[in-house]
Amino acid sequence: MKFIELTLHNHIIVHGFDARNQEITEEVTVEIPSQKIVSVDRILSVSEKYILIKYAFDRIIYWEYIEDYNSVKEMLM
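Each residue of the sequence shown is one higher than the one before, starting from 813 at the first, in the working numbering.
Take a look at the structure:
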């Protein structure tokens, strides 16, 4: 299993979907970013602003990250 270290901060937690298939979300703002070691197997996608990570119970979180997109891409290669 491969891991990468990222600096993560604000994030959006997806708690599921409503009757109209719209995401039920919770936005979380943090004052200080923190470093986390993330399993590559749990990463669903990466954009220039967010890294989408899956957690237990089918919960997913859109994390904002500090590193630049190309650096994250290189870590995943």
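Positions of the beta carbon are idealized from the N, C-alpha and C atoms, including for glycine.
Since this is a predicted model, take the numbers as computed values, not measurements.
In summary, L818 is buried, with 16 or more beta-carbon neighbours lying within 10 Å of its beta-carbon over all protein chains present. Within the same chain, K848, W875, Y877 come within 6 angstroms of L820 by CB-CB distance, once the 5 residues on both sides are set aside.
Going by C-alpha positions, E835 is about 19 angstroms away from K861. By a beta-carbon distance limit of 8 angstroms, I855 contacts I863. Their separation comes to about 6 angstroms.
Cβ neighbours of V842 within its own chain (closer than 7 angstroms, five residues either side excluded): H821, N822.
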